[in-house]
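Each position in the sequence shown, counted from 1, maps to that position plus 18 in the working numbering.
Using N, Cα and C, we set each Cβ at its ideal position, and we do this for glycine too.
See below for the structure under consideration.
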Amino acid sequence: MVAARSASGQVAVGADQVLTEYAHLIRGKSLALVTNHGGVLADGTHLADALIRHKDARLKVLFGMEHDIRSNDYSLPRDPERVIDQATGLPKYNLYGEHHKPTVDSLAGVDVIVFDIQEVGARWVRHLSSKAASATRENARPHRGSAPYERRNRFMANRRLRAALVASCIGWQALGAQQPDGAAHAPIRVVVARLTHDHVGRVWSVPHPDVEIVGVYEPNAALVDRLTARFGFKRSIVYSDMKKMLDVVKPDAVVAFGSIYEHLEVVEAAAPRGIHVMVEKPLAVSNEHARRIATLAKRYKIHVLTNYETTWYPSMEAAHQLVQGDSVIGPLRKLVVHDGHQGPKEIGVSSEFLEWLTDPVKNGGGALIDFGCYGANLVTWLMNGQLPLTVTAVTQQIKPSIYPKVDDEATIVLTYPHTQAIIQASWNWPMGRKDIEAYGAKGYLIAPNATSLRLRRGELVAEESIKPAPRSAPSENEFQFLAAVVRGRYVPTETDLSSLTNNVTVVRILDAARRSASSGRTVTPD
19 MVAARSASGQ VAVGADQVLT EYAHLIRGKS LALVTNHGGV LADGTHLADA LIRHKDARLK
79 VLFGMEHDIR SNDYSLPRDP ERVIDQATGL PKYNLYGEHH KPTVDSLAGV DVIVFDIQEV
139 GARWVRHLSS KAASATRENA RPHRGSAPYE RRNRFMANRR LRAALVASCI GWQALGAQQP
199 DGAAHAPIRV VVARLTHDHV GRVWSVPHPD VEIVGVYEPN AALVDRLTAR FGFKRSIVYS
259 DMKKMLDVVK PDAVVAFGSI YEHLEVVEAA APRGIHVMVE KPLAVSNEHA RRIATLAKRY
319 KIHVLTNYET TWYPSMEAAH QLVQGDSVIG PLRKLVVHDG HQGPKEIGVS SEFLEWLTDP
379 VKNGGGALID FGCYGANLVT WLMNGQLPLT VTAVTQQIKP SIYPKVDDEA TIVLTYPHTQ
439 AIIQASWNWP MGRKDIEAYG AKGYLIAPNA TSLRLRRGEL VAEESIKPAP RSAPSENEFQ
499 FLAAVVRGRY VPTETDLSSL TNNVTVVRIL DAARRSASSG RTVTPD
């Protein structure tokens with residue numbers, strides 16, 4: 019993390035971003051902090067003091083670099099091996115003594131190491147690689163990333179500690195400067211697998227400086243002709259054989275814009291080649307496909323991300339923050355999610371898209387899959403990854419003359435120990451909508467669109483309107499996020515909206531919903 023400018027134009031140092039933009043990395047975690055006197059927020063508060071007061075994280079131990087973490091008076095004697103930090107009451111270890119790295123005992127119970135050495139120049143890299151990092155690196159599981167970040171990524175996924183290392187320093191830019199050929203800022207090389215999903219237009223319709231499209235796999239020549247004319251990409255980068263394209267182009271990532279059934283085929287081709295994958299929602303057509311994808315991702319150590327439009331809504335991110343921890347609306351009791359439109363044929367999707375979208379094999383279903391996945395994804399996120407206890411679904415064919423093979427209307431009810439969620443998915447609404455309602459024990463929160471929120475904190479309190487802050491890097495859009503993950507700058511957590519774990523759960527919910535609708539019974543997810 020590097021210094022960034024906030025909406026007000028003020029510089030936000032890395033330490034501030036740990037508590038704001040990257041707060042999800044420490045939420046619910048036990049922390050160790052490696053820092054010095056420079057580890058302060060923009061308002062002068064030392065990061066140790068801010069973390070000890072953090073309501074959603076637990077600071078357990080401090081590590082210093084020879085001298086007191088709060089002073090730059092080097093005339094004072096060196097710290098002893100282990101002392102108590104008077105302000106926090108926590109143990110503090112000196113990494114310049116007998117132990118030049120955290121011991122297993124000193125890191126007992128730690129989930130995340132926050133590394134905050136803010137210095138001019140690149141001397142902090144020595145601390146990062148030879149001291150704090152080495153404690154996790156020795157038992158690390160390799161994590162594929164771009165070569166300049168490989169050392170850092172290896173110790174970010176430690177088997178013993180399950181620790182993420184949050185590097186918060188101005189000097190991070192120095193590491194980028196050491197990389198050859200400007201690799202820190204060069205776009206990642208991406209190929210597109212199929213063009214039959216109409217959302218593929220987002221690849222070329224707006225600029226994406228973080229990615230370079232270097233190949234397209236599409237065997238339908240007529241479709242290629244139409245889209246090259248529309249979007250202007252070169253016919254020379256198009257391949258009719260996906261595996262050949264991957265071998266020739268050697269991309270960093272594949273983005274899949276074909277049928278949901280084809281997602282497994284894309285992962286089967288990309289994973290053995292060590293190539294990351296991002297698919298359009300949902301992850302897979304069935305539990306069998308989802309589990310196979312997860313197995314391949316784990317075996318070949320790649321990321322498989324799932325993209326939803328709602329993932330990048332400022333309103334959804336703000337809603338998630340407000341219902342976590344000591345929620346302003348109290349413990350969640352009911353969630354209601356609405357996603358749908360007039361119907362794919364009615365809104366004029368392409369013939370190629372309509373062909374597989376209305377096929378029960380290629381799409382896995384109709385509106386239940388196409389729009390029910392949004393709700394399953396958001397509810398799983400808001401419920402911190404919990405799998406529902408039961409799933410009850412009702413589907414209908416309100417327009418069988420248009421959609422004879424699949425449902426066009428679906429309602430899914432999920433139950434949790436203390437919460438109920440209702441997901442409404444439709445190809446019959448008079449207009450498109452993607453919104454969510456969250457009801458807590460004390461109040462409610464409604465996100466009616468991408469950019470606004472309505473909040474009521476209690477019965478005697480009037481409803482208030484909230485303008486969510488715009489999304490910031492690396493989560494402004496799916497391609498920026500993909501580039502950050504591929505470069506190793508962001509490691510998705512299991513509960514992230516795009517994560518493989520979240521989206522395997524989504525498929526389990528959708529699979530259970532299909533079984534429930536077919537049998538007319540309430541079922542439990544497999």
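Contact between Ala289 and Ile320 holds, since their C-beta atoms are separated by about 5 Å, short of 8 Å. One Cα belongs to Val128, the other to Gln404, and the distance between them is close to 23 Å.
With distances taken between CA atoms, Leu43 lies nearest to Val132 out of Pro349, Val132 and Ala530. Gly458: member of the beta strand (DSSP E) spanning Arg451 to Gly458, first to last residue.
With at least 16 other beta carbons inside 10 angstroms of its own, Glu236 counts as buried. Residue burial annotation: Pro406 is buried, with at least 16 other C-beta atoms found within 10 angstroms of its C-beta.
For the stretch 388-447, the continuous beta strand (DSSP E) assignments of 3+ residues that do not extend past its boundaries occur at 408-414, 427-433 and 438-444, in sequence order.
For Ala465, the uninterrupted beta strand (DSSP E) run begins and ends at Tyr462 to Ala465, by DSSP.
Secondary structure of Pro225 (DSSP, three-state): coil.
In this structure, the CA atom of Val346 is about 52 Å from the CA atom of Asp265.
In this structure, the alpha-carbon of Ile484 lies about 42 Å from that of Val379. Straight through space, the alpha carbons of Gly538 and Ala501 are spaced by roughly 44 Å.
For the 8 Å CB-CB criterion, Val341 and Gly384 do not form a contact. Relative to the Cα of Ser124, the nearest Cα in the group Arg88, Lys110 and Ser493 belongs to Lys110. Per DSSP, reduced to three states, the secondary structure at Thr63 is coil, with no helix or strand assignment. Contact between Leu372 and Ala428 fails: their C-beta atoms lie close to 19 Å from each other, not under 8 Å. With a cutoff of 8 Å on beta-carbon distance, His356 and Asp453 are scored as near each other. Separation of the CB atoms of Lys352 and Thr437 is rounded to 7 Å, and the pair is thereby assigned contact status at 8 Å. Inter-residue distance for Phe251 and Leu301 is about 27 Å (C-alpha atoms, whole angstroms). Comparing alpha carbon positions, the residue from Pro492, Leu65, Ala411 and Leu51 closest to Asp34 is Leu65. By the neighbour-count criterion, in which 16 or more other beta carbons inside 10 Å mark a residue as buried, Ile278 falls on the buried side.
Burial of Met260 is indicated by the presence of at least 16 other C-beta atoms within 10 angstroms of its C-beta. A Cβ-Cβ contact shorter than 8 Å links Val284 with Val272.
Straight across, the Cα-Cα distance linking Met449 with Thr469 is about 18 Å. The bridge partners DSSP lists for Asp134 are Thr53. Distance from the CA atom of Pro332 to the CA atom of Asp514, rounded to whole angstroms, is 15 Å. Using a Cβ distance threshold of 8 Å, His338 and Leu432 do not count as a contacting pair. Beta-bridge analysis with DSSP links Val256 to Val234. Separation of the CB atoms of Ala459 and Pro543 is rounded to 26 Å, and the pair is thereby denied contact status at 8 Å. Residue state for Ile311 is assigned as helix, using DSSP reduced to three classes. If the five residues before and after Ala439 are omitted, its C-beta is found closer than 6 Å to the C-beta atoms of Leu353, Val397 and Leu432, all from its own chain and listed in chain order. DSSP places Asn325 inside the beta strand (DSSP E), whose first and last residues are Val322 to Asn325.
In the three-state reduction of the DSSP assignment, Glu286 falls in the helix class, which pools H, G and I. Going by beta carbons, Ala443 and Gly390 fall inside the 8 Å limit. Residue burial annotation: Ala240 is exposed, with fewer than 16 other C-beta atoms found within 10 angstroms of its C-beta.
Taken through DSSP and simplified to helix, strand or coil, Ser483 comes out as strand.
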